[in-house]
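Numbering (my numbering), first residue to last: 422 to 649.
Where is the CB? At the ideal position from N, CA and C, for every residue including glycine.
Below: one structure, written as structure tokens.
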Amino acid sequence: MKYLLIVITLILIVAVIGSAQIRNSKHDLSFGSTTTGPKTTTSTYTEVCVFCHTPHSTQSTSLLWNRTASTASYAVYSSPTMEQTVPQPGAVSKNCLSCHDGTITLASVVNNPGSSGGIAPVFTAPGKIDTTVFTGIGTNLTNDHPIGFVYNTSRSTDADLRTETVAGIKVTVNATSPTRSLTLYGTTAASATLECGTCHDPHGVTGVPTFLRVSNSNSELCFTCHVK
Ligand code: HEC
Ligand code: HEC
Ligand code: HEC
Ligand code: HEC
422 MKYLLIVITL
432 ILIVAVIGSA
442 QIRNSKHDLS
452 FGSTTTGPKT
462 TTSTYTEVCV
472 FCHTPHSTQS
482 TSLLWNRTAS
492 TASYAVYSSP
502 TMEQTVPQPG
512 AVSKNCLSCH
522 DGTITLASVV
532 NNPGSSGGIA
542 PVFTAPGKID
552 TTVFTGIGTN
562 LTNDHPIGFV
572 YNTSRSTDAD
582 LRTETVAGIK
592 VTVNATSPTR
602 SLTLYGTTAA
612 SATLECGTCH
622 DPHGVTGVPT
632 FLRVSNSNSE
642 LCFTCHVK
């Protein structure tokens, strides 16, 4: 009986860990979060999702986004061997950049919790991600993997890239391996772009560091697209 209880407790612990990846992660900016990164000191901000999503009165029409959009103009990746010119980041990447380019304070939540306006969350310094606290992304994307471009435009002339699959309104690379497939943003091969969210899941994946969708040990993430 005692062992049975221990086993049941262990199963429950595993179940909780498995389902709550964002809680206490670097993306849990809530009051009471145990993250070692920035988090709010405002006690009414016990919600985890609110720093990025809200059910009503959103900033944009997609993803129920709850943050002020960045108006920054980005220096983008270029190289003589690229199959195409890289444009400005797409809308979904700009969601990430609404924190990670360091131009907007973390406190810039559009719809604060509670009725009649609510209050903005307070962050003790540093209140935003910038190079003094976090050597993250910034507005200079020239030294980062290219984003915002149509995958198919490169793939159709570059034999070293894996074919993408269109199923309904979803476009994925490496679709035959569900645990190692990656999503492109768009409904057709001719429009689907590679964005931050192609490689990263902002909510985290159990057992995979750095919010990556696929572990990059042995460069597995890279091999999901590049055949080298
Ligand atoms: C740090 C910012 C951030 C936080 C906090 C966050 N999300 Fe997200 N969420 C995103 C981004 C960015 C996307 C778009 C992901 C993508 O590009 O696929 C997203 C997408 C989603 C989606 C649609 C796609 C999917 O993954 O199913 C759902 C549902 C969602 N979030 C729910 C939540 C809930 C519930 C919480 C709180 C427990 C939460 N999110 C907290 C950033 C966040
Ligand atoms: C609400 C603001 C916010 C948004 C939106 C956001 N992040 Fe973050 N992110 C943070 C903060 C804060 C940290 C922790 C920084 C630190 O530790 O100094 C972080 C850390 C990270 C890290 C490092 C994690 C680690 O384990 O070291 C990655 C990777 C990351 N974010 C990717 C993304 C991507 C990709 C998106 C969009 C899909 C995104 N973030 C959206 C605030 C945000
Ligand atoms: C092609 C895949 C890919 C894309 C696209 C991508 N990342 Fe990453 N990112 C990675 C990998 C892999 C790592 C881990 C690097 C390491 O551990 O050395 C990482 C690390 C990070 C980190 C933490 C380490 C650091 O450099 O500070 C942040 C923050 C981050 N990414 C944010 C973003 C944001 C924001 C975008 C979109 C603008 C983005 N990433 C697009 C693959 C990608
Ligand atoms: C979702 C698919 C995908 C993933 C994952 C991915 N890449 Fe890429 N990568 C591409 C595409 C598409 C291009 C554009 C190729 C072109 O147009 O020449 C590219 C471009 C590049 C380039 C620039 C090529 C040039 O000609 O300048 C390098 C280098 C690169 N990737 C390395 C990596 C590494 C390293 C990883 C793993 C950390 C990675 N990629 C992950 C799809 C991906």
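Could you name the residues of the same chain whose beta carbon sits closer than 8 Å to that of residue i, not counting the 5 residues immediately before and after it, in chain order?
{"i": "residue 552", "result": "For residue 552, the predicted model reports a pLDDT of 44, less than 50, meaning its position is unreliable; a value from the coordinates is still stated below. Answer for residue 552: 523 and 559, listed in chain order."}
{"i": "residue 460", "result": "449, 450, 451, 452, 454 and 544"}
{"i": "residue 512", "result": "481 and 483"}
{"i": "residue 499", "result": "506, 507 and 563"}
{"i": "residue 590", "result": "608"}
{"i": "residue 600", "result": "635"}
Helix, strand or coil for residue i, going by three-state DSSP, please let me know.
{"i": "residue 445", "result": "coil"}
{"i": "residue 532", "result": "coil"}
{"i": "residue 591", "result": "strand"}
{"i": "residue 614", "result": "strand"}
{"i": "residue 572", "result": "helix"}
{"i": "residue 484", "result": "coil"}
{"i": "residue 450", "result": "coil"}
{"i": "residue 504", "result": "coil"}
{"i": "residue 553", "result": "With a pLDDT of only 49 at residue 553, under the threshold of 50, the placement of this residue in the model should not be trusted; the figure read from the coordinates follows. Residue state, collapsed to three classes: coil."}
{"i": "residue 561", "result": "strand"}
{"i": "residue 601", "result": "helix"}
{"i": "residue 619", "result": "helix"}
{"i": "residue 496", "result": "strand"}
{"i": "residue 472", "result": "helix"}
{"i": "residue 626", "result": "strand"}
{"i": "residue 566", "result": "coil"}
{"i": "residue 632", "result": "coil"}
{"i": "residue 521", "result": "helix"}
{"i": "residue 582", "result": "strand"}
What is the C-beta distance between residue i and residue j, in whole angstroms, given that I count them as a contact (C-beta under 8 Å)?
{"i": "residue 497", "j": "residue 562", "result": "5 Å"}
{"i": "residue 504", "j": "residue 579", "result": "5 Å"}
{"i": "residue 486", "j": "residue 470", "result": "With 8 Å as the limit, residue 486 and residue 470 do not qualify as a contact, their Cβ atoms being about 11 Å apart."}
Beta-carbon within less than 7 Å of residue i's beta-carbon, same chain only, minus the 5 sequence neighbours each way: which residues are those?
{"i": "residue 456", "result": "445, 446, 447 and 449"}
{"i": "residue 634", "result": "603, 620, 621, 622 and 626"}
{"i": "residue 541", "result": "528, 530 and 533"}
{"i": "residue 443", "result": "449, 469, 624 and 625"}
Which same chain residues, not among the five before or five after residue i, have their C-beta less than 6 Å away from its C-beta?
{"i": "residue 484", "result": "none"}
{"i": "residue 532", "result": "475, 478 and 487"}
{"i": "residue 596", "result": "586 and 602"}
| How would the residue list near ligand 1 read, in chain order, if you kept each one whose beta-carbon is closer than 6 Å to any heavy atom? | 443, 448, 469, 470, 472, 473, 474, 484, 513, 516, 517, 618, 623 and 624
| message | Does the contact criterion of 3 or more C-beta pairs under 8 Å hold for the segment 490-500 versus the segment 464-478? | response | no
| Given 8 Å, three or more beta-carbon pairs between the segment 569-587 and the segment 607-616 | yes
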